[in-house]
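What follows is a set of notes on a single structure, which appears directly below.
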Amino acid sequence: KQEVTQIPAALSVPEGENLVLNCSFTDSAIYNLQWFRQDPGKGLTSLLLIQSSQREQTSGRLNASLDKSSGRSTLYIAASQPGDSATYLCAVRNQAGTALIFGKGTTLSVSS
Amino acid sequence: DGGITQSPKYLFRKEGQNVTLSCEQNLNHDAMYWYRQDPGQGLRLIYYSQIVNDFQKGDIAEGYSVSREKKESFPLTVTSAQKNPTAFYLCASSFRTGGNNSPLHFGNGTRLTVT
């Protein structure tokens, strides 16, 4: 059964720092991987989707990488800002499955 | 603007009562999903539907029921058989399931409290 793990569970950094969030999954036979952002009490906002054939995707200050063979993905945030403070979740879609399987998230706090 | 609407935002019920959570989308998405989120648990799949009049159980379907009579709507009923119904419920949608690369779009959630 696919399991998704995110480390660390929480992270605090000063404004301006570059940072990396980690996501690992136990079954490398995935179809795609998606990163989301969740603000307190809100729904999830899709940030980046990486297909299994891709190595990375970029959107603005965000860069997500995928190493399917090792079961890992990273979300790189450049020049962090207080507005980046939120919980970041990764989720995978199995090749044989039809719904996303989520990690528990990393809660990021960026101080000014 | 296209999107997913969940209503109400907050819902309070007495134990033993059934309650229905609404989810409507105007994104013309085929697939719709219901997830439950608890503190420290992440998101867990309750039910999903790929097409109208068809739906499948997720990992934690016991005590819940759904219907998909229209493409735009996927209501979730939390029955009295659900042991711990207090949670944050999230509805999502996408274009097709089963191998498609369509990203998932989420509503803003309904926080259900049962006392």
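Protein sequences, first through last, are from chains A and B.
The working numbering puts the last residue of the first sequence at 112; the count rises by one with no breaks.
The working numbering puts the last residue of the second sequence at 1115; the count rises by one with no breaks.
Just so you know, even glycine gets a beta-carbon here, dropped at the ideal spot from N, CA and C.
None of the values given here were measured: they were computed from a predicted structure.
> Is A:S69 helix, strand or coil by DSSP?
Replying inline: Helix, per DSSP.
>> Here's a check: name, in chain order, each residue in its chain whose Cβ is nearer than 6 Å to the Cβ of A:V20, leaving out the five neighbours to either side.
In response: Result list for A:V20: T74, Y76, in chain order.
>> Does the CB of A:F102 have a neighbour CB from chain B at under 7 Å?
In response: Taking Cβ atoms only, chain B reaches closer than 7 Å to A:F102, which makes this a yes.
>> Which of the three DSSP states is assigned to B:G1063 in this structure?
In response: DSSP places B:G1063 in coil when its eight states are reduced to three.
> Using 8 Å as the threshold, is the region 47 to 59 of chain A in touch with the region 1035 to 1047 of chain B, meaning 3 or more CB pairs across them?
Replying inline: No, because fewer than three Cβ pairs between the region 47 to 59 of chain A and the region 1035 to 1047 of chain B fall closer than 8 Å, the two stretches do not touch.
> Does B:L1045 come within less than 7 Å of chain A when only Cβ atoms are used?
Replying inline: Chain A, which has a Cβ nearer than 7 Å to the Cβ of B:L1045, makes this yes.
> Taking buried to mean at least 16 other C-beta atoms within 10 Å of its own C-beta, is A:I7 buried or exposed?
Replying inline: If you draw a 10 Å sphere on the C-beta of A:I7, you find fewer than 16 other C-beta atoms in it, and that means exposed.
> From the DSSP output, which residues share a beta bridge with B:D1038?
Replying inline: Answer is B:G1042.
>> What residue range does the beta strand (DSSP E) around B:T1110 cover?
In response: 1110 to 1114 is the extent of the beta strand (DSSP E) around B:T1110.
> Taking Cβ-Cβ distances below 7 Å as the criterion, which residues of the region 28 to 48 of chain A are in contact with chain B?
Replying inline: Under the 7 Å Cβ criterion, the region 28 to 48 of chain A contributes Y31, N32, Q34, K42, G43, L44, S46.
>> Let me see if you follow: with CB-CB separation under 7 Å, is A:S99 close to chain B or not?
In response: Checking the sequence shown, residue 99 of chain A turns out to be Ala, not Ser. Nearest CB-CB separation between A:A99 and chain B: below the 7 Å threshold.
> Hey, does B:P1008 have any beta-carbon neighbour from chain A nearer than 7 Å?
Replying inline: Closer than 7 Å: no.
> Assuming A:Q38 and A:A86 make a contact with CB atoms under 8 Å, what is their CB distance in whole Å?
Replying inline: Their Cβ separation, rounded to whole angstroms, is 6 Å, which keeps A:Q38 and A:A86 in contact under 8 Å.
>> Can you list, in chain order, the residues of its chain with a C-beta nearer than 7 Å to that of B:G1080? Leave out the 5 residues immediately preceding and following it.
In response: Correcting the residue identity first, residue 1080 of chain B is Ser in this sequence and not Gly. Here the set comprises G1016, Q1017, N1018.
> Within the present structure, is the beta-carbon of A:A99 separated from the nearest heavy atom of the ligand PLP by less than 6 Å?
Replying inline: Judged by which ligands are present, the structure shown has none, so any question about the ligand PLP falls away.
>> For a contact defined as C-beta to C-beta under 8 Å, what are the partners of A:G105 on chain B?
In response: For A:G105, the residues of chain B that pass the 8 Å Cβ criterion are G1042, in the order they occur in the chain.
>> If I follow the unbroken beta strand (DSSP E) through B:L1090, where does it start and stop?
In response: Run containing B:L1090: 1087 to 1094, per the beta strand (DSSP E) assignment.
> Going straight from the alpha carbon of B:Q1006 to that of A:A29, what length do you get?
Replying inline: Those two C-alpha atoms are separated by around 33 Å.
> Who are the Cβ neighbours of B:D1054 in its own chain at under 8 Å, not counting the five residues just before and after it?
Replying inline: Contacts found: R1068.
> Would A:N32 be called buried (16 or more neighbouring beta carbons within 10 Å of its own) or exposed?
Replying inline: Looking at its Cβ environment, which holds 16 or more other Cβ atoms inside 10 Å, A:N32 is buried.
> Ordered along the chain, which non-local residues of its own chain (more than five positions away) have a Cβ less than 8 Å from that of B:L1011?
Replying inline: Apart from sequence neighbours up to five positions away, the residues of its chain that approach B:L1011 with a beta-carbon distance below 8 Å are V1019, L1021, T1110, R1111, L1112, T1113, ordered along the chain.
>> Going by C-alpha to C-alpha distance, which of B:Y1048, B:R1096, B:P1075, B:I1004 sits closest to A:K42?
In response: Taking each of B:Y1048, B:R1096, B:P1075, B:I1004 in turn and checking the Cα distance to A:K42, the smallest one comes out for B:I1004.
> Among A:S70, A:L49, A:A78, which residue has its Cα nearest to the Cα of A:F25?
Replying inline: A:F25 has its Cα closest to that of A:S70, out of A:S70, A:L49, A:A78.
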